[in-house]
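Residue numbers (our numbering), protein chains in the order written: chain A, 284 to 418; chain B, 284 to 418.
Protein chains: 2
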Amino acid sequence: MKALGQHLILELYGCSAKALSSVTFVQDAMVQGARAANATIIDSVFHHFKPHGVSGVVVIAESHFAIHTWPEHGFASVDLFTCGGQTKPWEAFKTVKNLFKATHFSVMKLERGLLPRNKAKAPRRRPARAAAAAR
Amino acid sequence: MKALGQHLILELYGCSAKALSSVTFVQDAMVQGARAANATIIDSVFHHFKPHGVSGVVVIAESHFAIHTWPEHGFASVDLFTCGGQTKPWEAFKTVKNLFKATHFSVMKLERGLLPRNKAKAPRRRPARAAAAAR
Chain A
284 MKALGQHLIL
294 ELYGCSAKAL
304 SSVTFVQDAM
314 VQGARAANAT
324 IIDSVFHHFK
334 PHGVSGVVVI
344 AESHFAIHTW
354 PEHGFASVDL
364 FTCGGQTKPW
374 EAFKTVKNLF
384 KATHFSVMKL
394 ERGLLPRNKA
404 KAPRRRPARA
414 AAAAR
Chain B
284 MKALGQHLIL
294 ELYGCSAKAL
304 SSVTFVQDAM
314 VQGARAANAT
324 IIDSVFHHFK
334 PHGVSGVVVI
344 AESHFAIHTW
354 PEHGFASVDL
364 FTCGGQTKPW
374 EAFKTVKNLF
384 KATHFSVMKL
394 ERGLLPRNKA
404 KAPRRRPARA
414 AAAAR
């Protein structure tokens, strides 16, 4: 069996509340993570919530990175979903964990899209310009 | 223990390749799913890839829904991440699964952000207008 995608599911506890509260910091951290993973950033959407928290997604050519923060609990949930062999999601994990100064954490790795090995080889994807940013 | 978020992880096999290839169809399906879940849609980003596939995210006030499709394999990975007690992610699951005509599937439910029960009660979030759409 071979998987089409790799999905790292992070639970970051004991993070800096100040960092988790700043939409600028959170977005920058996720973009830094994407770069560390050697991912191709296509778009990103980040929002600040009242009274607390930031949600955001970085859409990458290799899938997506997402984050939701609860500064009042020093907690962030992070999803790092990649496909293809070019990206290094564990580098993104290290980058994000360190930037938020998580004191403890868990990581679960899921293999997404399990197919028989001879069917799982897919061509490398690239954005279709004409259809990009269709909203 | 109580969780801050609920995360449904769907693997949809045997889907309509035509549906999975259309960025319009995929986006509409995810938006329909968000509505079925009683979620508040804030933003969405969808992209078509060459030679195959669509990636997209719907950012909701209650977290996010994400999808990646591999039409050549009839496969879609879908993540339905919600927080708060107002949303119904299983309604989104049924909507999306049916729209893509998945013949078989798996669903995993993860509880994200487990905290002691007396700490997990968070105020209902609403978008902060001033900081919304910070990119």
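All residues carry an ideal CB built from backbone N, CA and C; glycine is no exception.
For clarity, every value in this text was computed on a predicted model and none was experimentally measured.
Alpha-carbon spacing of residue i relative to residue j, whole angstroms
i: V342/A; j: A317/B; result: 19 Å
i: H330/A; j: P354/B; result: 31 Å
i: Y296/A; j: I325/A; result: 29 Å
i: A302/B; j: S389/B; result: 19 Å
i: N381/B; j: K392/B; result: 19 Å
i: Q310/A; j: K377/B; result: 32 Å
i: N321/A; j: P372/B; result: 32 Å
i: F332/A; j: G339/A; result: 11 Å
i: A312/A; j: V379/A; result: 6 Å
i: A300/B; j: A359/B; result: 10 Å
i: S304/A; j: H290/B; result: 22 Å
i: P398/B; j: G288/A; result: First, the residue type needs correcting, since residue 398/B is Leu and not Pro in the sequence shown. Computed Cα separation, rounded: 29 Å.
Residue-chain proximity (residue i, chain A), Cβ-Cβ < 7 Å
i: F358/B; result: yes
i: H347/B; result: yes
Classification of residue i by the beta-carbon crowding that lies within 10 angstroms, buried from 16 upward
i: R400/B; result: exposed
i: P307/A; result: Pro is not the amino acid found at residue 307/A; the sequence shown has Thr there. Exposed, by the Cβ-count rule.
i: P334/A; result: exposed
i: E482/B; result: No statement about residue 482/B is possible, as the shown extent of chain B runs from 284 to 418 and does not include it.
i: E394/B; result: exposed
i: L387/A; result: Reading off the sequence shown, one finds His at residue 387/A, where the question assumed Leu. Under this definition H387/A is an exposed residue.
i: M284/B; result: exposed
Chain B within 7 Å of residue i, Cβ atoms only
i: R395/A; result: yes
i: I325/A; result: yes
i: W373/A; result: no
i: L287/A; result: yes
i: V341/A; result: no
i: H330/A; result: yes
i: H387/A; result: no
Beta-carbon proximity of residue i to residue j, cut-off 7 Å
i: A286/A; j: G396/A; result: yes
i: H351/B; j: F364/B; result: no
i: A344/A; j: T370/A; result: no
i: C298/B; j: G336/B; result: no
i: A375/A; j: D362/A; result: no
i: V314/A; j: V328/B; result: no
Which residues DSSP lists as bridging residue i, in chain order
i: I292/B; result: D362/B and M391/B
i: H347/B; result: V342/B and F364/B
i: S327/A; result: V341/A
i: T262/B; result: The question about residue 262/B has no answer, for chain B in this structure spans 284 to 418.
i: K285/B; result: L398/B
CB contact below 7 Å: residue i versus chain C
i: V342/B; result: Looking at the structure shown, chain C is missing, and the protein chains on hand are A and B.
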